Ligand code: GLU
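In full-length UniProt numbering, the protein residues as written are 1 to 463.
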């Protein structure tokens with residue numbers, strides 16, 4: 001059996017959203033499932049739109065999500081000699097021919113075809129045929145090279161997602177595979193790469209489905225077996241439009257900046273166009289163990305931001321507190337909050353993670369533990385009654401005397417003070433909250449006090 005070899009072949013043109021990175025996740029998972037090889041190839045031949053920064057964004061996004069590759073990154077711009085070499089082979093074998101048609105002539109041809117209600121296509125006027133007399137090449141014009149597409153028959157492939165696809169060769173004109181300056185064009189480079197990199201399964205977006213019959217014909221001209229193709233339906237945004245930067249899609253790394261965990265994003269993307277029964281929350285290992293091409297969705301998947309938040313919460317709940325503290329700290333720093341001298345951030349995170357959707361949420365809540373409490377006048381007026389003041393004083397005395405600073409001990413001290421003053425819990429907890437952290441919304445008060453530490457609590461209670 002041949003080893004599975006898949007690839008992710010992004011064009012580094014600046015932006016990589018969830019839909020794009022899904023085209024990395026699935027071939028990665030398929031390679032891992034089959035103990036195969038995952039190749040990264042950067043398709044950077046569009047010199048106007050490709051930038052090194054965009055390559056970095058791709059590498060960073062993949063690293064963040066743990067999509068490790070076994071080979072590459074290969075850069076198409078560094079493989080030009082190889083493409084020229086294969087081009088020369090095709091020339092020798094008579095699969096390509098020079099075409100001297102000017103842009104004006106092409107425009108004119110297209111216009112005529114449109115006027116006749118036909119699909120615009122190259123008419124083969126420079127294609128050599130036995131007995132055909134070709135026009136005289138115009139002086140001083142560098143020709144493009146066109147691929148001699150078969151004139152009859154059809155291209156058929158069994159798409160792993162879409163099923164059998166058959167395209168008649170009559171619908172395909174002779175593709176330009178080298179520009180006048182000799183540089184190869186996109187579809188040709190892809191085929192040379194997929195051959196050289198021994199790709200067995202091409203898993204990519206279905207925006208490439210129109211390229212596939214052309215690519216298969218080039219494979220055949222080169223005497224090679226095309227790979228298995230799996231064309232993934234598009235990812236739509238939550239409005240049902242094709243996901244793109246223009247209509248507000250976020251780049252993958254922005255999800256990190258918004259406080260998502262990579263494992264939540266991987267789990268989310270896994271389900272965005274593939275399913276394993278009704279499993280919604282699963283580990284990376286389970287995903288790899290279960291991933292197959294048979295259960296890829298056939299219709300477009302729709303991005304659901306609410307579901308992603310929900311999943312992130314599921315993962316935050318289970319995540320290690322120390323790890324979350326490490327992830328939360330930069331958010332606090334960005335907000336100008338230092339955890340220096342304050343309670344353990346891991347302890348604080350533990351109080352908030354169950355109800356947080358993102359690390360950003362955790363950081364926002366955690367701030368109260370590290371800022372000087374500044375209760376509002378309105379809150380103080382409402383909760384700091386004379387009765388409350390007296391109870392706070394007694395509570396402080398009781399807390400000062402506790403043999404051990406643990407919430408298990410703090411809680412009974414509260415209860416005793418409440419009983420002593422004939423009060424209900426909120427009547428004491430609210431003023432205490434205001435004094436120790438400045439707000440009335442906090443997790444359980446005994447846990448808050450435990451974390452803040454006895455000295456801080458007593459100072460803030462005015463004891
Ligand atoms: N470079 C192409 C893109 O970014 C993908 C080509 C392929 O997967 O064959 O859309």
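Glycine residues also receive a C-beta, built at the ideal position from the N, C-alpha and C atoms.
Bear in mind that the values here come from a model prediction, so they are computed numbers and not experimental data.
Asked: Beta-carbon spacing of residue 485, residue 437 below 7 Å; Found: Because the chain here runs from 1 to 463, residue 485 falls outside it and cannot be looked at.
Asked: Residue 218, enclosing alpha helix (DSSP H) - first and last residue; Found: 212-221
Asked: Bridge-paired residues (DSSP) for residue 74; Found: 41
Asked: C-alpha gap between residue 68 and residue 197, whole angstroms; Found: 17 Å
Asked: Whether residue 388 touches residue 17 by CB criterion (7 Å); Found: no
Asked: Buried/exposed call for residue 76, threshold 16 Cβ in 10 Å; Found: buried
Asked: One or two residues paired with residue 96 in a DSSP bridge; Found: 147
Asked: Residue 9 beta carbon near the ligand GLU (any heavy atom closer than 6 Å); Found: yes
Asked: Under 7 Å between C-beta atoms of residue 185 and residue 176; Found: yes
Asked: Alpha carbon of residue 56 to alpha carbon of residue 48, nearest angstrom; Found: 17 Å
Asked: Residue 71: CB within 6 Å of a non-hydrogen atom of the ligand GLU; Found: no
Asked: Cβ separation of residue 225 and residue 187, assumed to be a contact under 8 Å, to the nearest whole Å; Found: 17 Å between Cβ atoms; not a contact.
Asked: Any non-hydrogen atom of the ligand GLU within 6 Å of residue 190 CB; Found: yes
Asked: Element boundaries [beta strand (DSSP E), containing residue 502]; Found: With the chain represented from 1 up to 463, any question about residue 502 goes unanswered, as that position is not in the structure.
Asked: Residue 361 classed as buried or exposed, judged by whether at least 16 other C-beta atoms fall within 10 angstroms; Found: buried
Asked: Residue 154 versus 161, 143, 160 and 172, residue with shortest Cα-Cα distance; Found: 172
Asked: Exposed unless 16 or more other CB atoms sit within 10 angstroms - verdict on residue 259; Found: buried
Asked: Status (buried if at least 16 other CB within 10 Å, exposed otherwise) for residue 141; Found: exposed
Asked: Those runs of the beta strand (DSSP E) which lie wholly inside the stretch 235-296 and span at least 3 residues; Found: none
Asked: Any non-hydrogen atom of the ligand GLU within 6 Å of residue 41 CB; Found: no
Asked: C-beta atoms of residue 440 and residue 430 nearer than 7 Å; Found: yes
Asked: Outcome for residue 134 when other beta-carbon atoms lying within 10 angstroms are tallied against a minimum of 16; Found: exposed
Asked: Coil, strand or helix - residue 15 by DSSP; Found: coil
Asked: Sub-7 Å separation of residue 346 and residue 319 beta-carbons; Found: no
Asked: Distance between residue 124 and residue 132 (C-alpha atoms, nearest Å); Found: 11 Å
Asked: C-alpha distance - residue 330 paired with residue 64, whole-angstrom precision; Found: 16 Å
Asked: Residue 227 classed as buried or exposed, judged by whether at least 16 other C-beta atoms fall within 10 angstroms; Found: buried
Asked: Closer than 6 Å: residue 204 CB and nearest the ligand GLU heavy atom; Found: yes
Asked: Three-state class that DSSP yields for residue 231 in the structure shown; Found: strand
Asked: Residue range of the alpha helix (DSSP H) that includes residue 454; Found: 454-460
Asked: Residues that DSSP places opposite residue 184 in a beta bridge; Found: 178
Asked: Meets three-Cβ-pair contact criterion under 8 Å: the stretch 276-289 and the stretch 24-33; Found: yes
Asked: Residues near residue 307 by beta carbon distance below 8 Å, same chain, minus five either side; Found: 268
Asked: Burial state of residue 464, where buried means 16 or more other Cβ atoms lie within 10 Å; Found: Examination of residue 464 is not possible in this model, given that the chain is present from 1 through 463 alone.
Asked: Validate contact between the stretch 272-282 and the stretch 294-309 using beta carbons, cut 8 Å, 3 pairs; Found: yes
Asked: Closest residue to residue 247 among 5, 15 and 9 (Cα-Cα distance); Found: 15
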